[in-house]
Structures are given as structure tokens and as C-alpha cells.
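K.L.:
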Amino acid sequence: MASHTLILLLLLAAAVATAADVAPAPAPPAAQINLTGILEKGGQYNTLLRLLNATRVNEQVSSQLKTTYDGLTFFAPTDAAFAELRPGTLNGLTDQEQVQLVLYHLLPRYYSLTTFQTASNPLRTQATGPAGVYTVNVTTTTGQSLVNVSTGVAAVPVGTTLFAEFPLAVYSVDGVLLPEQMFGKAKAPAPAPASAGKAKEHKKGGAMPKNEVAATAPAARAGGGDSDESTTTNAAAIAGAGVVWGAVWAAALVGIANLVIA
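Numbering (mature numbering (1 follows the signal peptide of the UniProt record, and there is no 0)), first residue to last: -19 to -1, 1 to 243.
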């Protein structure tokens, strides 16, 4: 019995050794996907590369690609796209705003040009703000691979596919995606103060408001009463002076008449 057990163990060991010899070696790990390498190969994304490095979003993307189950999609504005921005636009952003601007070009899911056609708007980006997650809307042309990305500020067409292999898709765009939360229309100016409005109305010769009429009318009447009273006083003084002079002349005439008679 012991000899049979020993023989079985030897045969088992030999079988395992043979299997190890013929088993294929494990496949080498796939080359790591590198977003910056893809953009450098494209040759017209220098401004974007500087932003990715300055904001360290490139490191975030590399980390997410190692663990993501849904993949990532990145819209890459060209240097020409950045050149179309107002001068000082990027420098006018805080460091955190620059991070959000770059993350606004990153979708937390892998989209091929085909899957864009069935995507439900709005699509979430990885940019966030006080009001929540920033989103974009994607529209496609039926039967064609034409894709437009709308931000609420402008619609940007998707151009060349730089890379599209799960878990990462990178598409070139000819415009910078500007989130409405950061670059939306300016607020309407505050209404002019009431006093300024009255001044303009008076300047144009418009009718004075009723409350002003009520406020100024008594003053006008008061001023008119003072004028009438002073006029009446002056007339009475003149009349009194005339009576006095008449009496003086009468006395003088009587005296002259008495001298003539005598």
C-alpha cells in the first residue's frame, strides 16, 4: 500500500512539472495609456499641455485610468482654439478655476463617436462648482459621425479622433469649452437710483411728479402772500403821506387869504 501511494505521488509531481513546462508565460502588462503622450504626438496642443501640468490634471487622469470601470473621454482644444480666447482670459482665472476649466473637458465615461448618438443629455463632466456638477450637451447628425458639444456659452464641433481605445477616448476640438457657470453672460446692471431718474425727467422738461407738485405748491402760495402784503403796506403809506401834504397846503392858502383881506 505504501509503495502504491509513493508511486502515485511521483506521478503527480511529474505531471505538475510537465504542465509548468508547457504552460504559456503570462502576457506582459499592456502599455500604460498616457494622455500627455497622446497630445504631444498630436503636435498642436502646447497650451493644453501646459495647463494639464500646471493644474496636475494629467496626474489625476493617469490615476483614474488605472481603476476606472467606465473609462474617460477627453476633449482637447488646439492651440488655435486657445488663441481665439480674449487676451488675459486664462491669466484672469484663479488656480482653482483653471483646474475646473480643464476638468470641464473630461467626461467620466468612455464615449465613442457612435455612443454619442445615443447618449442622454446633459452629460456630466468632472468639473464642479457651488451649484454642483458642470454639464455639457452633445448633439449628433443622424447617419453621420458629426458631433457638437454645447456648453451654454457656445457650441463646439468635435474634430479629429486622437485616441479611442477603452478606457480612454481623446477628441480634438477647435474651441475651448467654456462652462456657463464661469463664463456666462454678465448680469444686468442695477436700476438707476430714483433721484437720478427724477433729475433726467426734469432735464427733459417732463411733468413733475404729483408729490413734488404738492410739496412745492404751498411754498409758492406762501411766497405770493408775502408779496401782496408788502404791496398793500406800501400803498397805505403813500396814501397817508398824500393826506398830510393836502392839510399843509390848505393851511397855507388860508393864511395867505387872511393877509390879503387885512
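Glycine residues also receive a C-beta, built at the ideal position from the N, C-alpha and C atoms. Since this is a predicted model, take the numbers as computed values, not measurements.
#1: List in chain order: all unbroken alpha helix (DSSP H) runs of 4+ residues lying wholly within the region 94 to 150.
#2: Does F147 pass the burial test, meaning 16 or more other C-beta atoms within 10 Å, or should it be called exposed?
#3: For P58, which beta-bridge partners are listed by DSSP?
#4: Is L87 closer than 8 Å to V42 when the C-beta atoms are compared?
#5: Applying the criterion that 16 or more other CB atoms from any shown protein chain within 10 Å of the CB defines a buried residue, is A216 buried or exposed?
#6: Considering only residues of the same chain and omitting the five flanking positions on each side of Q98, which have a CB-CB separation below 6 Å?
#7: Mapping DSSP to helix, strand and coil, what is L53?
#8: When the Cα of V114 is compared with those of V128, T132, A100, L127, which residue comes out closest?
#9: Assign Q107 to buried or exposed, taking buried as 16 or more other Cβ atoms, counted over all protein chains shown, within 10 Å of its Cβ.
#10: According to the Cβ coordinates, are P89 and V157 closer than 8 Å?
#11: When we look at the beta-carbon of T142 and count the other beta-carbons within 10 Å, is it buried (16 or more) or exposed?
#12: Taking 8 Å as the threshold, find out whether the region 34 to 51 comes into contact with the region 60 to 72 through three or more Cβ pairs.
#13: How about Y91 and L149: are their beta carbons less than 8 Å apart?
P.N.:
For this structure:
#1: 94 to 97
#2: Against the sequence shown, residue 147 aligns to sequence position 166. The residue is exposed, with fewer than 16 neighbouring Cβ atoms inside 10 Å.
#3: On the sequence shown, residue 58 is found 77 positions in, with the first residue counted as 1. Paired residue(s): V154.
#4: Within the sequence shown, residue 42 is the residue found at index 61, counting from 1. Within the sequence shown, residue 87 is the residue found at index 106, counting from 1. The answer is yes: Cβ separation under 8 Å.
#5: Along the sequence shown, one-based indexing puts residue 216 at 235. Caution applies to A216, whose pLDDT of 43 falls short of 50 and renders its modelled position unreliable; the model cannot decide the point.
#6: Indexing the sequence shown from 1 puts residue 98 at position 117. Excluding sequence neighbours, Q98 sits near T121.
#7: Here residue 53 corresponds to residue number 72 of the sequence shown, with the count starting at 1. Residue state, collapsed to three classes: strand.
#8: To locate residue 114, count along the sequence shown from 1; it is residue 133. Looking at the Cα atoms, T132 is the closest of the given residues.
#9: For the purposes of this step, residue 107 is taken as the residue at position 126 of the sequence shown. Buried is the call here.
#10: Taking the first residue of the sequence shown as 1, we reach residue 89 at position 108. Taking the first residue of the sequence shown as 1, we reach residue 157 at position 176. It is not a contact, given that the beta carbons lie outside the stated cut-off.
#11: The count along the sequence shown starts at 1 and reaches residue 142 at position 161. Exposed, because fewer than 16 other Cβ atoms sit within 10 Å of the Cβ of T142.
#12: no
#13: Start at 1 with the first residue of the sequence shown, and residue 91 comes out as number 110. Start at 1 with the first residue of the sequence shown, and residue 149 comes out as number 168. Cβ distance < 8 Å, so Y91 and L149 count as in contact.
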